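A quick write-up on the structure given underneath.
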Amino acid sequence: MIGYARALRRGPALIAQRERLVAAGVREVHEDLRGGATVLRPALDRAIAALSPGGVLYVTALDRFGRDHRQIFDLAVRLQETSLHLVALDDGIDTRHDGGAFFRFAAMMLAHEARAAEDRRAEREILDAPRPPGPKQAITDAAWAEVSPLLATGTITVEQAADRLGVGRATVYRRLGRNENGT
């Protein structure tokens, strides 16, 4: 049984991980002193390389195994493809006894993330598409048809019409074809 620990620096966090792994029966602990954002983790690569098919990689928690969901799932798939197992002590994951459920879940999540990324890309294309030339019509013809008779009869003021239409007074005056001082 081989374990993997990761911390930003040597100290209590790394010592605690090592002690938990040894208490779980791990005979060899590989340690990386790196932040979560780094991609290069040579100790993790060495730990995986030291395992034979059917071997078990122990971590205290999944966040020690990978920096984000994507990396955790990629690593889980890598383990499955090489017939290795994963035990995450704090998370209750033990792929030796779950019939491959964790790996199937990881694959499902990767597929979901790929679909979500494609959806986000398609949405960006729609949002970034050029809009028709010319200014956006501030007051629709239907809205103006409701408000203009009220303005003409003096039932509402220009300011009240602007509030109803959700525009400024100047926009109402432009639609009326006159400036703010009535000329």
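Here the sequence shown is numbered in the numbering used here, starting from 18 and rising by one per residue. Every residue gets a Cβ at the ideal spot worked out from N, C-alpha and C, and that includes glycine. Please read all numbers here as calculations on a predicted model, not as lab measurements.
Would you report the Cα separation of residue i and residue j, rounded to the nearest angstrom?
i	j	result
Glu45	Ala118	27 Å
Ile89	Arg81	9 Å
Leu190	Ile156	This sequence places Tyr at residue 190; Leu is not what is there. The straight-line gap from Cα to Cα measures roughly 12 Å.
Val24	Pro59	The sequence shown places Ala at residue 24, rather than the Val named in the question. Ala24 and Pro59: Cα-Cα distance of roughly 13 Å.
Leu150	Pro166	Looking at the sequence provided, one finds Pro at residue 150 rather than Leu. Each residue's Cα considered, the two are about 30 Å apart.
Arg27	Ala33	11 Å
Leu182	Ala160	7 Å
Val184	Pro147	24 Å
Arg138	Met18	42 Å
Gly109	Glu135	32 Å
From the DSSP secondary-structure annotation, give me the bridge partner or partners of residue i.
i	result
Glu98	Partner(s): none; Glu98 has no beta bridge.
His47	Tyr21
Val73	His102
Ile110	Ala105
Judging by CA-CA distance, which residue of the options is the nearest neighbour of residue i?
i	options	result
Glu36	Gly171, Gly20 and Val175	Gly20
Leu193	Asp180, Arg181 and Ala169	Ala169
Asp49	Asp62, Leu106 and Leu103	Asp62
Arg84	Arg51, Arg186 and Asp136	Arg51
With a threshold of 16 other CB atoms inside 10 Å of the CB of residue i, please say whether the residue is buried or exposed.
i	result
His86	exposed
His129	exposed
Ala179	buried
Arg158	Note that residue 158 is Asp in the sequence shown, not Arg. It counts as exposed.
Thr102	A quick correction: the sequence has His, not Thr, at residue 102. Flag for His102 reads buried.
Thr77	buried
Three CB pairs or more closer than 8 Å across the segment 81-98 and the segment 108-125: Yes, the segment 81-98 is in contact with the segment 108-125.
Would you check if the segment 31-48 and the segment 73-80 touch, i.e. whether three or more CB-CB distances between them fall below 8 Å? In short, these stretches touch, since the Cβ pair count reaches three.
Check whether the segment 173-180 touches the segment 134-143, counting contact only when three or more Cβ pairs, one atom from each stretch, lie closer than 8 Å. Verdict: no, contact absent.
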